[in-house]
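Chemist: I am attaching a structure below and will ask some questions about it afterwards.
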């Protein structure tokens with residue numbers, strides 16, 4: 467049997483307390499704590515589109531500190547930041563498990579009729595699939 471973990475484990479989250487990511491991490495942390503017999507500490511480091519959490523994770527340089535993220539915005543940082551990100555995606559961040567899947571929704575108000583399935587903008591996007599794209603990890 468493995469001796470991991472030898473001491474408490476820390477999950478660093480790129481989102482604040484009370485978010486879906488925080489709740490999921492706490493639920494998973496409880497299960498791991500029961501299995502491992504070691505505390506699992508949740509540390510929220512919201513801000514900077516995840517960069518604050520990533521920096522804290524990188525500076526820890528400790529196999530008992532893990533980055534728990536349900537958003538993969540850090541994958542886009544090399545392409546969207548004006549400066550080089552403080553990590554190398556292929557060298558520094560290694561996914562070890564998928565903990566779940568989230569559904570995304572785009573909601574509009576009544577005044578945004580162009581964006582509804584009946585609206586012209588929606589029909590143009592469907593008719594010209596692949597001509598444009600958009601993405602967001604949160605709204």
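In the working numbering, the protein residues as written are 467 to 605.
C-beta atoms are modelled at their ideal positions from N, C-alpha and C, and glycine is treated no differently.
As the structure is a computational prediction, the values presented were derived from the model and not from experiment.
According to DSSP, is residue 523 part of a helix, a strand, or is it coil?
Modeler: helix
Chemist: Should residue 563 be counted as a contact of the ligand GTP given a C-beta to heavy atom distance under 7 Å?
Modeler: Absence of the ligand GTP from the depicted structure is noted, as is the absence of any ligand whatsoever, leaving it without description.
Chemist: For the candidate residues 513, 516, 496 and 517, whose alpha-carbon lies nearest to that of residue 507?
Modeler: 496
Chemist: Which class does residue 562 belong to by DSSP, given the choice of helix, strand or coil?
Modeler: coil
Chemist: Short of 8 Å in beta carbon distance, which residues of its chain neighbour residue 474, apart from the five on each side in sequence? Order them along the chain.
Modeler: 504, 505, 506, 507 and 530
Chemist: Just confirm the distance between the C-beta atoms of residue 518 and residue 541, as a whole number of angstroms; I'd bet it's less than 8 Å.
Modeler: Not quite, the Cβ-Cβ distance comes to about 17 Å (not below 8 Å), so this is no contact.
Chemist: State the Cα-Cα distance for the pair residue 472 and residue 593, rounded to the nearest angstrom.
Modeler: 56 Å
Chemist: Use the C-beta contact count for residue 548: other C-beta atoms within 10 angstroms, 16 or more gives buried, fewer gives exposed.
Modeler: exposed
Chemist: Tell me where the beta strand (DSSP E) around residue 509 begins and ends.
Modeler: 506-510
Chemist: Count the other C-beta atoms from every protein chain shown that fall within 10 angstroms of the C-beta of residue 550, then say buried if there are 16 or more, exposed otherwise.
Modeler: exposed
Chemist: Count the other CB atoms within 10 Å of the CB of residue 501; is the residue buried (16 or more) or exposed (fewer)?
Modeler: exposed
Chemist: Residue 553 to residue 477, Cα distance in whole Å?
Modeler: 18 Å
Chemist: I'd like to know whether the C-beta atoms of residue 479 and residue 511 end up nearer to each other than 8 Å.
Modeler: Inclusion of residue 479 and residue 511 in the CB contact set at 8 Å is warranted, their separation being smaller than that value.
Chemist: With respect to the alpha helix (DSSP H) encompassing residue 493, which residues constitute its N-terminal and C-terminal limits?
Modeler: 486-502
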